[in-house]
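Worksheet: one structure, shown below.
Numbering (full-length UniProt numbering), first residue to last: 1 to 190.
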């Protein structure tokens with residue numbers, strides 16, 4: 001009997017691994033707008049739209065909230081907004097401007113949402129409160145962030161397969177990934 005149970009567990013193991021790791025995420029009206037205008041901007045540059053990712057949106061929403069609740073924005077801060085606090089179910093890190101701790105950021109999609117590929121983040125801050133239009137305008141003007149949006153500079157050979165968005169209070173956050181997410185239908189919050 002024990003042998004039969006063990007055999008059944010072994011036989012079922014591959015099935016369990018293949019099941020998608022679904023996440024429960026919805027977008028606010030402004031987050032859905034951000035996703036849309038990012039792809040509109042890409043289309044204006046003759047680039048393909050980036051498919052939506054629920055997993056990357058989960059990471060974006062969690063990070064926007066973590067930043068708003070736990071990060072004191074200061075341009076002279078040693079830890080920039082790609083940092084993560086100790087106040088959540090993730091590993092914390094201080095992301096410095098020399099990018100020596102980049103792996104901490106790249107690993108967050110796997111750590112938080114089970115997204116099996118590195119993620120790359122852009123973040124926007126506004127003391128008046130972040131919104132879709134101002135976030136995109138800020139990133140378009142930024143020599144460090146615009147290239148991720150339109151695949152130029154060091155990102156020119158990358159084809160994004162997934163994008164996730166989050167806006168919370170003063171922060172708008174976008175995550176990019178090179179692996180498609182099976183959860184790619186935008187769900188707006190009711």
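Glycine included, each C-beta is placed from N, C-alpha and C at the ideal position.
- The alpha-carbon separation between residue 142 and residue 167 amounts to approximately 19 Å.
- Of all alpha-carbon atoms in 92, 101, 157, 62, the one lying nearest the alpha-carbon of residue 171 is that of 62.
- Relative to residue 149, the option among 131, 126, 169, 121 whose CA is nearest is 121.
- Note on residue 112: 16 or more other CB atoms within 10 angstroms of its CB, so buried under the neighbour-count rule.
- DSSP places residue 96 in the coil class of the three-state scheme, outside both helix and strand.
- Going by DSSP, residue 84 is part of no beta strand (DSSP E) at all; its letter is neither H nor E.
- As DSSP reads the structure, residue 174 sits in a beta bridge with 122, 165.
- For residue 35, the enclosing alpha helix (DSSP H) stretches over residues 29-44.
- Between the region 97-110 and the region 32-44 there are fewer than three C-beta pairs closer than 8 Å, too few to call the two in contact.
- Counting along the chain, residue 112 sits inside the alpha helix (DSSP H) bounded by residues 108-113.
- Excluding the 5 residues flanking it on each side, residue 73 has same chain C-beta neighbours closer than 6 Å at 125, in chain order.
- Considering only 56, 177, 65, 123, the residue with the shortest C-alpha distance to residue 81 is 123.
- Assignment of beta-bridge partners to residue 52 by DSSP yields 163.
- For residue 141, the enclosing alpha helix (DSSP H) stretches over residues 132-141.
- Residue nearest to residue 30 within the set 176, 183, 107, 169 is 169 (criterion: CA-CA distance).
- Contact between residue 53 and residue 163 holds, since their C-beta atoms are separated by about 6 Å, short of 8 Å.
- By a beta-carbon distance limit of 8 Å, residue 104 does not contact residue 115. Their separation comes to about 15 Å.
- Leaving aside the five residues that flank residue 110 on each side, the residues in its chain whose CB is nearer than 7 Å to its CB run, in chain order, 116.
- Note on residue 48: under 16 other CB atoms within 10 angstroms of its CB, so exposed under the neighbour-count rule.
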